[in-house]
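Novice: Please see the structure below; I have some questions.
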Amino acid sequence: MTNRQEKIIQIVKDHGPITGESIAEKLNLTRATLRPDLAILTMSGILDARPRVGYFYSGKSTIQAIGESIKKKKVNEYKSVPILIRDSSKVYDAICTMFLEDVGTLFVVNQDNRLVGVVSRKDLLRSAIGKQSLEDIPVSVIMTRMPNLILTYPDESLHDAASKMIQYQIDALPVVRVNEDQSDINPYEIIGRITKTNITRAYVELGNEEI
Ligand code: ADP
């Protein structure tokens, strides 16, 4: 937080509710100069603003405000494109796809394009230890499958998705849309992926917000 933002918080604590105009006067600045600071402080939840009343201190600490800001981030805003392979593909093809697409996790789909499994680097390494030819083993044999898949949803918070990755010690989650049609045997349509990289990006963004 900048020195000026700290001063604004102090003024609002001491004199709130107070108009933007009055805060500006106390700091010998114009209202326009203060506008970005006031926007940051209200967006982060440290200050509240009411029309015709002015700014007042929300009582939230910076830490609480940061916590709220983290929990507002949704999976949908941060997801990336999922790299898919068919369940009938061979382990050899999965290895090539992983290198070509530069990812650590592949999502496996059936002929109806519905999610049926996940293949990670270690799954592929494990199958490479065996005696069977990698060109003969279908990925459906080595993948982690339903109902053991850990999923995330577009409107889930990024924080909850990150917690699942920690809890289950996995690097990636498929972002799925659940098809409401009851007759659908496999309702999971895959629309994205969340990996540790996405979480890291959100973390860096948060640091750049400087609040
Ligand atoms: P790595 O193999 O590179 O360590 P992970 O830690 O993500 O990658 O994978 C560990 C195990 O967890 C693998 O067997 C993988 O199939 C499985 N796995 C990975 N992602 C998921 C997921 N979203 N749901 C269930 N199992 C998963």
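Quick note on numbering: the sequence shown equals residues 403 to 613 in the working numbering.
Where is the CB? At the ideal position from N, CA and C, for every residue including glycine.
Since we're looking at a predicted model, the values are computed, not measured.
#1: Assuming residue 559 contacts residue 462 (C-beta within less than 8 Å), just tell me the rounded distance between them.
#2: Tell me whether residue 574, by its Cβ, gets closer than 7 Å to a heavy atom of ligand 1.
#3: Using CA atoms only, rank isn't needed, just tell me which of 458, 454 and 444 is closest to residue 471.
#4: Hey, would you say residue 440 sits closer than 8 Å to residue 459, going by beta carbons?
#5: Helix or strand or just coil, what does DSSP make of residue 592?
#6: List the whole-angstrom C-beta distance separating residue 576 from residue 592, where the pair is believed to meet the contact cut-off of C-beta under 8 Å.
#7: Does DSSP put residue 464 in a helix, in a strand, or in coil?
#8: In whole angstroms, give me the CA-to-CA distance for residue 570 and residue 480.
#9: Where do the ends of the alpha helix (DSSP H) carrying residue 422 lie?
#10: How about the stretch 599-612 and the stretch 528-536: do they share at least three Cβ pairs that are nearer than 8 Å?
Specialist: With the given structure in hand:
#1: Not confirmed; about 18 Å, so no contact.
#2: Checking every heavy atom of ligand 1 against the Cβ of residue 574, one is found closer than 7 Å.
#3: The shortest C-alpha separation from residue 471 is found at 444.
#4: No; because the gap between Cβ atoms is not below 8 Å, this pair is not in contact.
#5: Three-state result, residue 592: strand.
#6: Yes, they are in contact, since the Cβ atoms of residue 576 and residue 592 sit about 5 Å apart, within 8 Å.
#7: In the three-state reduction of the DSSP assignment, residue 464 falls in the helix class.
#8: Rounded to whole angstroms, residue 570 to residue 480 spans 20 Å at the Cα level.
#9: Judged by DSSP secondary structure, residue 422 falls within the alpha helix (DSSP H) whose first and last residues are 422-428.
#10: Short answer: they don't touch.
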